[in-house]
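Under my numbering, residues 1 to 328 are what the sequence shown spells out, in order.
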Amino acid sequence: MLGNFETKLDADAMARALRAVADPARVRLLRLCADRPTSVSELAAATSDSEPNVSRHLKQLALVGLLRRVRRGQRVEYLPVSEAGFAADLIGLLLQRFSPDDSGLREARARLRAIEAGARSNLRGSAADWVVAGRFGRNVKAALGAAFERDVAGASVLVRSQHREVLETLLASRPSAPVVTLRAESKPEKNVLQAWLEAEGLRAEVLTTGEVRKGRSFDVCLESPLAEELRDPAQLTAMLQRCRAQLVAGGVLWCVVPYELLEDDPSPLLRLRALLGESGIDCTLLSPVEAEGRHVVLARGLLRSGAVTALPNRSVATPNHQASPVPA
């Protein structure tokens, strides 16, 4: 039998443990660590949270005895305690009752599988960025709007995007669903995307850039590349020319362009319209999008019949339509 003082200590310890799991974010982190030992950086990427926040949550779970910290070389991993006792009993109850259909858990697991696929392929940098969700992706999806939905209905669509919200919109089952091909820059990235699709139960063809170039044409192209893929105007011009070659006559291009690439021009939006025109694409919409410290312009254009590579005259007319900025 325990004395009153020992009973009070045990009650306090149990109360602290219960308070620690009274936060949905911490329960998901506990579940993810139970799947396999996981690091702070991986959990931050999986949950779209900052590393300091994730570290604080893990520290709280460790302080009450629910997680233990293990160092493997330079890597520090977290995993649930295994010793018998109240902590192990509580973990077992939580894991048994946690629904696998929890949206936050499904998203985090899918991202961790993508990170694992990238690690198996020795892919660094961009692999950790696929596939992400967040306010920026939601704003891009909102800016695409009903016009994009009409463009892709029943169409063949080539997509490069890291934003989960955009991809899920395209891949959702519905009448007149598009036939979607996801473009990867490399075979390792292709493996990452295929792992994500499999984890989510979604279906789409995944091709590398080299595979796409083998004479295929699409009704719609959506280009929302990673930030490092568009760092100078030459890369933007190359992207527009590639898209032109991949579209059928009268095809539709949607592209997301970093605003900083256009800032040297007195009229950045007119400059983008001019670049599209020089690639044989008639711009029909320009929409600024801003969130999470990123500023981009979403453009829509139609491929002209018999489009040429460049036009000598770089002057442009005033846009016919410019959408309002999407609120961050």
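Glycine included, each C-beta is placed from N, C-alpha and C at the ideal position.
Notebook entry, point to check: Of the choices A142, S176, A155, R150, whose alpha-carbon is the least far from that of R164?
Noted result: Looking at the Cα atoms, A142 is the closest of the given residues.
Check: By DSSP, does R183 sit in helix, in strand, or in coil?
Finding: strand
Check: Under the rule that 16 or more other beta-carbon atoms within 10 Å means buried, what is A110, buried or exposed?
Finding: In the assembly as shown, A110 is a buried residue. Its beta-carbon has 16 or more other beta-carbons within 10 Å.
Check: Helix, strand or coil for R203 per DSSP?
Finding: coil
Checklist line | Cα-Cα separation, P24 to V289 | finding: 30 Å
Next item on the list: Output the residue ranges of the alpha helix (DSSP H) runs that lie fully inside the stretch 51 to 126 and measure 4 residues or longer, sorted by chain position.
Entry: Within the stretch 51 to 126, the alpha helix (DSSP H) runs of at least 4 residues that lie entirely inside it are, in chain order, 51 to 63, 86 to 97, 103 to 120.
Note to self: Looking only at its chain, what residues have a beta carbon closer than 8 Å to the beta carbon of A17, apart from the 5 residues adjacent to it on each side?
What the structure shows: V64, G65, L66, F86, A87, L90
Check: When you compare only the Cα positions, how much space is there between L207 and L230?
Finding: 20 Å
Check: If you draw a straight line from the alpha carbon of T237 to that of A274, how long is it in whole angstroms?
Finding: 11 Å
Note to self: Checking 8 Å against the spacing of the C-beta atoms, do V157 and V180 come in under that value?
What the structure shows: yes
Next item on the list: Kindly confirm or deny that the stretch 145 to 156 and the stretch 193 to 210 touch, where touching means at least three C-beta pairs closer than 8 Å.
Entry: no
Note to self: Do S217 and Q246 count as a contact pair if the criterion is CB distance below 8 Å?
What the structure shows: yes
Checklist line | Beta carbon of G154 nearer than 8 Å to that of S48 | finding: no
Next item on the list: State yes or no: is the C-beta of V159 within less than 8 Å of the C-beta of L182?
Entry: yes
Next item on the list: Within its chain, find whatever has a CB closer than 7 Å to the CB of V132; leave out the 5 residues flanking it on each side and keep chain order.
Entry: S48, Q162, H163, R164
Margin query: Taking its Cβ as the centre, do 16 or more other Cβ atoms sit within 10 Å of R124, making it buried, or is it exposed?
Written below: At R124, the pLDDT of 47 sits below 50, so the modelled position is not reliable; the number obtained from the coordinates is stated separately. Under this definition R124 is an exposed residue.
Checklist line | Candidates R300, R72, H57, of which the one nearest I281 by Cα | finding: Of the candidates R300, R72, H57, the one whose C-alpha sits nearest the C-alpha of I281 is R300.
Note to self: Distance check for Q60 and D12, CA to CA, integer angstroms please.
What the structure shows: 15 Å
Notebook entry, point to check: Which residues in the same chain as S41 place their Cβ atom closer than 8 Å to its Cβ, once the five residues preceding and following it in sequence are excluded?
Noted result: E51
Notebook entry, point to check: Which two residues bound the contiguous alpha helix (DSSP H) that contains V40?
Noted result: 40 to 47
Item checked: Three-way DSSP call (helix, strand, coil) for E223 in this model -> strand
Notebook entry, point to check: So what's R31 in DSSP terms, helix, strand or just coil?
Noted result: helix
Next item on the list: Assuming L197 and L253 form a contact by the criterion Cβ under 8 Å, report the distance between their Cβ atoms to the nearest whole angstrom.
Entry: Not quite, the Cβ-Cβ distance comes to about 24 Å (not below 8 Å), so this is no contact.
Check: In angstroms, rounded to a whole number, what distance separates the CA positions of G293 and Y259?
Finding: About 12 Å.
Next item on the list: For A17, name the three-state secondary structure that DSSP assigns.
Entry: helix
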